[in-house]
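Only one structure is covered here, and it is reproduced in the block below.
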Amino acid sequence: MTHTKRKPQKTPFKAQPSLLDWETMLQEQNPMRGFFTLFWMTMAAGTITQIYKNWVSIGSPISLNLLFQMSKDGIDLIQADAMMVLSMFLNVFFHKIICHAYFSQNQVLIFQHLWQLVWFCTFIGLAFYRNWDWTQSASFTMHVIAMLMKQHSYFSYNTELAFKHKKLKLELELQGKAKKEDKEYDDTEINLLKKELIKESVSFPNNITFLNFLDYLLVPTLVYELEYPRTTRFRLWYFLERCFTTFVCVSLLYFVVEHWINPIIAIMPQQGILDSLLSLLLPFMLLWILGFYVIFECICNAFAELTCFADRHFYADWWNSTTYDEFARNWNKPVHEFLLRHVYLEGIDTYKLSKNNATFVTFFLSSLLHELVIVVTLKRLRLFFFFLQMTQVPLITIQRIPWIRRQKVFGNALFWFGMYLGPPLLGVGDLFDSSLSQRAIPLEVQRPKPSIILIFKVCTKLYLMTLFWLFQSLPIRVQCNIWHMH
Numbered sequence: 014m015t016h017t018k019r020k021p022q023k024t025p026f027k028a029q030p031s032l033l034d035w036e037t038m039l040q041e042q043n044p045m046r047g048f049f050t051l052f053w054m055t056m057a058a059g060t061i062t063q064i065y066k067n068w069v070s071i072g073s074p075i076s077l078n079l080l081f082q083m084s085k086d087g088i089d090l091i092q093a094d095a096m097m098v099l100s101m102f103l104n105v106f107f108h109k110i111i112c113h114a115y116f117s118q119n120q121v122l123i124f125q126h127l128w129q130l131v132w133f134c135t136f137i138g139l140a141f142y143r144n145w146d147w148t149q150s151a152s153f154t155m156h157v158i159a160m161l162m163k164q165h166s167y168f169s170y171n172t173e174l175a176f177k178h179k180k181l182k183l184e185l186e187l188q189g190k191a192k193k194e195d196k197e198y199d200d201t202e203i204n205l206l207k208k209e210l211i212k213e214s215v216s217f218p219n220n221i222t223f224l225n226f227l228d229y230l231l232v233p234t235l236v237y238e239l240e241y242p243r244t245t246r247f248r249l250w251y252f253l254e255r256c257f258t259t260f261v262c263v264s265l266l267y268f269v270v271e272h273w274i275n276p277i278i279a280i281m282p283q284q285g286i287l288d289s290l291l292s293l294l295l296p297f298m299l300l301w302i303l304g305f306y307v308i309f310e311c312i313c314n315a316f317a318e319l320t321c322f323a324d325r326h327f328y329a330d331w332w333n334s335t336t337y338d339e340f341a342r343n344w345n346k347p348v349h350e351f352l353l354r355h356v357y358l359e360g361i362d363t364y365k366l367s368k369n370n371a372t373f374v375t376f377f378l379s380s381l382l383h384e385l386v387i388v389v390t391l392k393r394l395r396l397f398f399f400f401l402q403m404t405q406v407p408l409i410t411i412q413r414i415p416w417i418r419r420q421k422v423f424g425n426a427l428f429w430f431g432m433y434l435g436p437p438l439l440g441v442g443d444l445f446d447s448s449l450s451q452r453a454i455p456l457e458v459q460r461p462k463p464s465i466i467l468i469f470k471v472c473t474k475l476y477l478m479t480l481f482w483l484f485q486s487l488p489i490r491v492q493c494n495i496w497h498m499h
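Just so we're on the same page, our numbering is the position in the sequence shown counted from 1, plus 13.
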């Protein structure tokens, strides 16, 4: 008897706490909570030590160069971001029209993608051609990508409900005619449609309002649903504590970049690539951990508390990952759920892609979006990030070999080896030859010779072609496992 691999299903929202929330750790008596305290004490010790060294060497506890750079063009950035967010409310108008007019699903689908393409290109082009520094360009680009995901989910979900609502009207009319003629009518389809269209707190199309859309923008998720699990009350002190923790973590991020990363980047041309790579291993790891914590534990929980959003499962225990596909599923739940619902499953259901092609498209799109942030920030195409992320595809295949899969400690060590090496390798590759280092550091940065760049481009193209061929030649079961959710 053969067993076919089931298609991954949407993850339902449910009330659950965040793993690294201190209240949760205390309630569950987590035995590792002492190490959590140790990490922050270690960060405090390192920061105090560096402040003392700064005071002795430069007469100031902290350098403000990066702060001045971050605050440059602040008003322009706020105006662009506000314009971008306000433009998204046009989706409410679009769906009011869709609900009251007749369009085919293909027509709506074409309009949706045309609108999102124009919207996305407009604001990415704005970020690309503005003379912003890297901090403004990177933050704005990431916000644009996140908002594109939000409005795509809103548009797709409500379009699906709109056609189901029209189908429900037709079914009710047929049921009414059958009752008049004293005929039996199977109402199974009606019950199923009502279950999807009518929820406890709201029903379609009553959800198509500006207030509902504003609530969706504030809720820390990238996928839209009629209703989410909510908490019974808003805890002001918890919200303020999350805001304060966000400020502290952002300050630490600033400190790490300004005093432990920028000085190494400044002397990178003099000390060489290998020395720079080794010097950046620990600072980039701290940057990664602090960045993860401030986004998923501080900011997401602050917005969750503000909107009484009860599902705080923004990440799982990704630090215990033994394969890169396990890490991809666990470290960023909001993005993973979006890619699962609106790229992988939508590719299969709407565009009739095979499972292996839908998997490749999902991974390819994720790599392109990551690379786009680098391109807009540095104003040049180098494909270092894309190259490194796509390298995970053959690594995932290797990690799924039964003997290797059984070596849990080795798998986790291999994962952390990649996490230690990947970010600084990307940083050295991009910053060694980028306008970013020239703008941020008042030193002339040496660039690789054109022949080296040409060789890299050719090798990258050959690598990607080979990678695609290898992926397509894998057994379907292995390809599907790369995206399979346990």
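A virtual CB, placed ideally from N, CA and C, is assigned to each residue, including glycine. Computed from a prediction, not measured in an experiment: that's the story for all the values here.
- Spatial neighbours of L39 in its own chain (CB-CB distance under 8 angstroms, excluding positions within 5 residues in sequence) are listed in chain order as R46.
- Assignment of S216 by DSSP, reduced to helix, strand and coil, places it in the strand class.
- In the DSSP assignment, E184 falls within the alpha helix (DSSP H) that extends over 147–193.
- Our two residues, L265 and T60, have alpha carbons roughly 8 angstroms apart in a direct line.
- Between A28 and A323 the beta-carbon gap is near 4 angstroms, inside 8 angstroms, which marks them as a contact.
- A contact between stretches requires three or more CB pairs, one per stretch, nearer than 8 angstroms, and the region 96–111 fails this requirement with the region 290–308.
- With respect to the 7 angstroms criterion, R325 and P30 are classified as neighbours on the basis of their beta carbons.
- With fewer than 16 other Cβ atoms inside 10 Å of its own Cβ, E194 counts as exposed.
- A distance below 7 angstroms between beta-carbons, with the five flanking residues on each side excluded, links S380 to the following residues of its chain, in chain order: F399, Q402, M403.
- If you look at V356, you'll find it isn't in any alpha helix (DSSP H); DSSP assigns it neither H nor E.
- The beta carbons of L127 and A93 sit no closer together than 7 angstroms.
- When secondary structure is reduced to three states using DSSP, F322 falls in the strand class.
- The residues L181, E184, L185, Q188, in chain order, have a CB closer than 8 angstroms to that of I203 in the same chain once the five nearest residues on each side in sequence are set aside.
- The C-alpha of T372 lies about 38 angstroms from the C-alpha of E36.
- As the crow flies, the alpha-carbon of F376 is around 8 angstroms from that of V406.
- Here R243 carries a strand assignment [DSSP, helix/strand/coil].
- DSSP places D89 inside the alpha helix (DSSP H), whose first and last residues are 87–100.
- Contact annotation: the region 235–251 does not touch the region 108–116, with fewer than three C-beta pairs closer than 8 angstroms.
- Look at Q118 here: in three-state DSSP terms it is helix.
- By the Cβ rule, the region 48–55 does not count as touching the region 346–360, because fewer than three pairs are nearer than 8 angstroms.
- Close CB contacts of K23 within its chain, under the 6 angstroms cut and outside five residues either way in sequence, are with R354 (chain order).
- Looking at P282, L303, F106, Q283, the one whose alpha-carbon comes closest to that of F260 is L303.
- Burial check for C134: the Cβ neighbour count within 10 Å stays below 16, so the residue is exposed.
- Separation of D338 and F423 (C-alpha to C-alpha, rounded to the nearest whole angstrom) is 16 angstroms.
- In this structure, the straight-line span from the alpha carbon of C262 to that of C112 is close to 45 angstroms.
- Taking a C-beta distance under 7 angstroms as the contact criterion, F26 and P242 qualify as a contact pair.
- The continuous alpha helix (DSSP H) containing G442 extends over residues 421–444.
- Take the alpha-carbon of N219 and the one of H108: they are about 11 angstroms apart.
- Shown here, Q42 sits in coil according to DSSP, grouped into three states, outside any helix or strand.
- With a minimum length of 4 residues, the unbroken runs of alpha helix (DSSP H) contained wholly in the region 233–308 fall at 249–269, 275–279, 281–284, 286–305.
- With contacts defined as CB atoms closer than 7 angstroms, F327 and F316 fail to qualify as a contacting pair.
- Pairing L206 with F217 gives a Cβ-Cβ distance that is not under 7 angstroms.
- The Cβ atoms of S334 and F428 lie closer than 7 angstroms to each other.
- A residue is called buried once 16 or more other Cβ atoms fall within 10 Å of its Cβ, and P436 is buried on that count.
- The alpha-carbon separation between K177 and F153 amounts to approximately 36 angstroms.
- By the neighbour-count definition (other C-beta atoms within 10 Å, threshold 16), A175 is a buried residue.
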